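One structure is given below, encoded as structure tokens.
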Ligand SMILES: Nc1ncnc2c1ncn2[C@@H]1O[C@H](COP(=O)(O)OP(=O)(O)OP(=O)(O)O)[C@@H](O)[C@H]1O
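Residue numbers (the UniProt record's numbering): 1 to 311.
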């Protein structure tokens, strides 16, 4: 594998793309290290595709700078070391998977060995002789990935590779991505689901309205955004229960829920909370720590009220 640089494989500084007056990507500074799987997560329209398009020269930045494989000029020799599914290749439905790949391979000066290796990697070798139109969605996604893998690129940039896949298709896609990382390939992929991407990525960057609002390992992001401990109390008379809970030591905040209250307090406050509620005549049916999924954390991070005032 060609080693172009010891520095980051992707490096952007203040990268910005505006369409008219609107910033699709707004002042994004990030780096992706060699061999890393970096997940780019954001809701629809957050700017993920636009960011990735700039990385492969399909869109020109309005401001800021970028380097890919150590190069700020994205010439063909640099881009040949990058595999991408950003612009999903327009496969011909009446041609076989292999014929479709052959067309693309010819463009980039690659041969049968590259096609065979890519088909084998994505586990499509057995169906390579079937027409594209007979492929399932998962197989279509894998063929797109095969087109990106031809020639064993050093960097893979995959836009929503798991989109539309069922759970087993997603698991297969994750395995494929990890295999690529294991052979030393750097991978940047995007998704609108943090929970899905967290399982495969070393680090995650959260994009919201074009801005990078958090970067870190999933554990770091959870610690930063999801570590607010809370107790979920199921009880009657939630209004009264909330006011009793608010008066207790160690309780930071209380919100009323359907059929109970959510009390922001450490887990060891559960005993005192239960006693106080029962003493106030409230029927407590249960108290348990409030488990937050990664997806809850992500939705809270990308809710517009959560981001008011945050740079
Ligand atoms: N060529 C364009 N002209 C005008 N606006 C554009 C163009 N491309 C993207 N946008 C706008 O930029 C914003 C970011 O779009 P982008 O496709 O990058 O987001 P995304 O995070 O990839 O979303 P999705 O998951 O829906 O693909 C959106 O508001 C979109 O409408």
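Where a beta carbon is used, it is the ideal one built from N, C-alpha and C, also for glycine.
Keep in mind that this is a model prediction, so the values were computed, not measured.
Check, Outcome
"Own chain residues within Cβ distance below 7 Å of residue 162, not counting five before or after", "170, 173, 191, 196"
"DSSP beta-bridge partners of residue 38", "188, 203"
"Residue environment, residue 93, which counts as buried when at least 16 other CB atoms sit within 10 Å", "exposed"
"Whole-number beta carbon distance between residue 194 and residue 204, since they are thought to touch under 8 Å", "7 Å"
"Where the beta strand (DSSP E) containing residue 90 begins and where it ends", "Per DSSP, residue 90 belongs to no beta strand (DSSP E) and is neither H nor E."
"Pair within 8 Å by beta-carbon distance, residue 254 and residue 242", "yes"
"Inter-residue Cα distance where the pair is residue 68 and residue 116", "27 Å"
"Sequence ranges, beta strand (DSSP E) only - wholly within the stretch 39-125, length at least 3", "63-68, 82-84"
"contact_flag[the stretch 59-73, the stretch 95-102] where n(CB pairs < 8 Å) is 3 or more", "no"
"Contacts around residue 58, its chain only, beta-carbon distance under 7 Å, and the 5 residues preceding and following it disregarded", "86, 87"
"Residue 238: first and last residue of the uninterrupted beta strand (DSSP E) it sits in", "That residue, residue 238, is in no beta strand (DSSP E); its alpha helix (DSSP H) goes 238-246."
"Proximity winner among 236, 258, 231, 206, relative to residue 252 (alpha-carbon distances)", "231"
"Of the residues 138, 96, 127, 80, the one placed nearest residue 107, counting alpha carbons only", "80"
"Inter-stretch contact at 8 Å, needing at least 3 Cβ pairs: the stretch 37-48 / the stretch 207-219", "yes"
"Beta-bridge pairing of residue 297 - partner residues as DSSP gives them", "Answer is none; residue 297 lacks a bridge partner."
"Delimiting residues of the alpha helix (DSSP H) encompassing residue 141", "137-149"
"Residue environment, residue 309, which counts as buried when at least 16 other CB atoms sit within 10 Å", "Because the pLDDT of residue 309 is 42, which lies under 50, any placement of that residue in the model is unreliable, and the question is left without a value."
"Heavy atom of ligand 3 within 7 Å of residue 19 beta-carbon", "Of the ligands this structure carries, namely ligand 1, none is ligand 3."
"Expected contact under 8 Å - CB spacing of residue 151 and residue 124 to nearest Å", "With a Cβ gap of about 17 Å, residue 151 and residue 124 do not count as contacting."
"Residue 231, DSSP secondary structure in three states", "strand"
"Beta-carbon spacing of residue 329, residue 155 below 8 Å", "An answer regarding residue 329 cannot be provided, because it is not within the stretch 1 to 311 covered by the chain."
"Proximity test, residue 240 beta-carbon vs ligand 1 heavy atom, cut-off 7 Å", "no"
"Nearest candidate by alpha-carbon position, reference residue 159, set 256, 296, 284, 54", "54"
"Buried or exposed by the 16-neighbour rule on C-beta atoms within 10 Å, applied to residue 223", "exposed"
"Contact test: residue 45 Cβ vs ligand 1 heavy atom, cutoff 7 Å", "yes"
"Residues near residue 33 by beta carbon distance below 8 Å, same chain, minus five either side", "8, 9, 186"
"Environment of residue 279 [buried if 16+ CB atoms lie within 10 Å]", "exposed"
"Check: residue 192 C-beta below 7 Å from any heavy atom of ligand 1", "yes"
"Reduced DSSP secondary structure (H/G/I, E/B, other) of residue 324", "Outside the displayed span of the chain (1 to 311) sits residue 324, for which this structure offers no information."
"Three-state secondary structure (DSSP) of residue 134", "helix"
"Rounded separation between residue 248 and residue 288 - CA only", "17 Å"
"Pairwise C-alpha distance: residue 275 and residue 283", "11 Å"
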